[in-house]
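Novice:
In our numbering, the protein residues as written are 1406 to 1659.
1. Check whether the segment 1520 to 1530 and the segment 1555 to 1575 are in contact - that is, three or more C-beta pairs closer than 8 Å.
2. Does the beta-carbon distance from residue 1501 to residue 1447 come in below 8 Å?
3. Which of the three DSSP states, helix, strand or coil, is assigned to residue 1534?
4. Specify the secondary structure class of residue 1630 as computed by DSSP and reduced to three states.
5. Please go through the same chain and pick out, in chain order, the residues whose beta-carbon is closer than 8 Å to the beta-carbon of residue 1475, but skip the five residues on each side of it.
6. Can you tell me whether residue 1440 is buried or exposed, with buried defined as 16 or more other CB within 10 angstroms of its CB?
7. Since residue 1507 is in the alpha helix (DSSP H), which residue starts that stretch and which ends it?
8. Using beta-carbon positions only, say whether residue 1479 and residue 1490 come within less than 8 Å of one another.
9. By Cβ distance, which residues of its chain are closer than 7 Å to residue 1580, with the 5 residues on each side in sequence left out?
10. How long is the line joining the alpha carbons of residue 1623 and residue 1574, rounded to whole angstroms?
11. Put residue 1468 into one of helix, strand or coil per three-state DSSP.
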């Protein structure tokens, strides 16, 4: 395998993330991570099929039949849903569009990949915990250990704010406001940020556990440490079965 051929794929992959996603599109960190995970899985699958290392993959290996095989692998071997399959396809499509802009000599090869359609997916009804069920889960945590106190703080945080897991993982100590009006700033999709006020009737408990969260769950890098202990979602995770809590009572005015 010519080294220049493999380097062309690697260099175009690098420019896709740095030049296109981050600078041209201004994609959020969540989008960059999702596309990174999808391409990582695709490259590992392709290297296994071609019986070569990832570093030896070339542009000629990026074929429509390889993409279709990867999508089938995602569903049949990894057990992902059709929704996740479509998300992986969206990431591959975006990358192939970048390849087409940089390498028009393989337009037919890339066009066949771009012609692959999404798979029809059934929308699941939203599931949630009733308030008493959520409180029972939170009360079941043993708070006599440091990890138990951290887990209690994290679940109470999710319960009272309705934050997505990814939003909770992105919370920094400076995002918490523990004096009145007591709030937390969350960074949502498309880089949108918003403030959530804590409910008045849980004010005392909330302030106590959030001070614990600052003490127990924030690192010197100022980010919430839950992934390393298996609490948060890791890379390449299909979270479609994760439950959601039902609507909480109205927050007190800011």
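Ideal Cβ positions, reconstructed from N, Cα and C, are used throughout, including at glycine.
Specialist: Result, derived from the coordinates:
1. no
2. no
3. strand
4. With a pLDDT of only 36 at residue 1630, under the threshold of 50, the placement of this residue in the model should not be trusted, and no figure is reported.
5. 1446, 1447, 1450, 1451, 1493 and 1497
6. buried
7. 1487 to 1507
8. yes
9. 1589 and 1590
10. Only weak support exists for where residue 1623 lies, its pLDDT of 38 falling under 50; the value from the coordinates is given anyway. Cα-Cα distance, rounded: 10 Å.
11. coil
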